[in-house]
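Chemist: In this note's numbering, the protein residues as written are 1 to 295.
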Ligand code: SF4
Ligand code: SF4
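#1: Kindly examine ligand 2 and report whether one of its heavy atoms sits closer than 7 Å to the Cβ of residue 274.
#2: Tell me residue 118's beta-bridge partners as DSSP assigns them.
#3: Considering only their Cβ atoms, is the gap separating residue 141 from residue 107 smaller than 8 Å?
#4: Cutting at 7 Å between CB atoms, please list the residues of its own chain near residue 150, excluding the five before and the five after it.
#5: Would the beta-carbon of residue 45 fall within 8 Å of that of residue 160?
#6: Can you tell which of 152, 128, 211 has its C-alpha closest to the C-alpha of residue 255?
#7: Over what stretch of residues does the alpha helix (DSSP H) that includes residue 62 continue unbroken?
#8: How would you call residue 56, buried or exposed, if buried means at least 16 neighbouring beta carbons within 10 angstroms?
#9: According to DSSP, is residue 131 helix, strand or coil?
#10: CB of residue 42 to nearest heavy atom of ligand 1: below 7 Å?
#11: Ordered along the chain, which non-local residues of its own chain (more than five positions away) have a Cβ less than 8 Å from that of residue 69?
#12: Spatial neighbours of residue 266 within its chain, please: CB distance less than 6 Å, with the 5 preceding and 5 following residues excluded, ordered by chain position.
#13: Quick one, which of 240, 199, 245, 282 has its alpha-carbon nearest residue 225's?
#14: The beta strand (DSSP E) that contains residue 26, what's its start and end?
#15: Three Cβ pairs or more, each shorter than 8 Å: is that satisfied between the stretch 73-84 and the stretch 129-139?
Encoded structure:
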């Protein structure tokens, strides 16, 4: 995957070492997710963050929640043990922006140790209007926004509720507010040279036929790549018994959308505490309780 020339050269160069944004990098460069963001401000029907299984790789799953200071210690430990660690990401288990103080403090602590490491955030985008400038100011050049629908009627079937400005919104109102904030935030970031990846969870009979429209819309906003992912029915979630999207259907949809924008095809749907190369998760080896036992 080549970076578009609209991005500044130093960001394009960094992206060549980002295992998620560059297919060429994913077998060489490692990433670590620091689980410092436990809270989420929305409830997706496919998510249950209460359920942790050490054998499971799925967004929102983690075996530990860390304070920024503990995250700093973990970074030093992993950096010593893993060559070619190129990315530190905040990917939950909740939303990176709903835990902005922890996210910001963690990034600052790690920047003091290694300023040139690539930082990456994942968010549902609800708080992007509030924090997009903060993301730019922190020097974060890679942001993933999950945007599953650009039609609030469809979004209403995917989200149970959205907590915004002290109010719990539901139905199309919730989906509309979320969507407006996502679209404004994405555009704000791409206009400032941030590489935005959009994740889309493909849910059979809900947004599956709608995905090309989502892709076209985010392309207009300057998104670099889209990552169409299968629904993995999480135990205890509202979609627990919904059919898992087949990879055959995912790949067919990626082929359709490839005409508009490049497609990520090597996503491993990683845990919020994932460590290592994509597809070779070492999260259990690098649990902080193991470090404490070694001391
Ligand atoms: Fe779960 Fe992420 Fe949705 Fe929040 S935004 S409910 S953490 S999937
Ligand atoms: Fe990369 Fe996908 Fe894993 Fe996120 S979930 S770190 S995009 S491979």
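Note that the Cβ used here is the ideal one computed from N, Cα and C, for glycine as well.
Note that this is a predicted model, so its numbers are computed, not measured.
Modeler: On the basis of the data shown:
#1: yes
#2: 87
#3: no
#4: 179, 213, 214, 217
#5: yes
#6: 211
#7: No alpha helix (DSSP H) holds residue 62; DSSP gives it neither H nor E.
#8: With a pLDDT of only 44 at residue 56, under the threshold of 50, the placement of this residue in the model should not be trusted, and no figure is reported.
#9: helix
#10: yes
#11: 109
#12: 23, 26
#13: 199
#14: Looking at the DSSP string, residue 26 is not in any beta strand (DSSP E), and its letter there is neither H nor E.
#15: no
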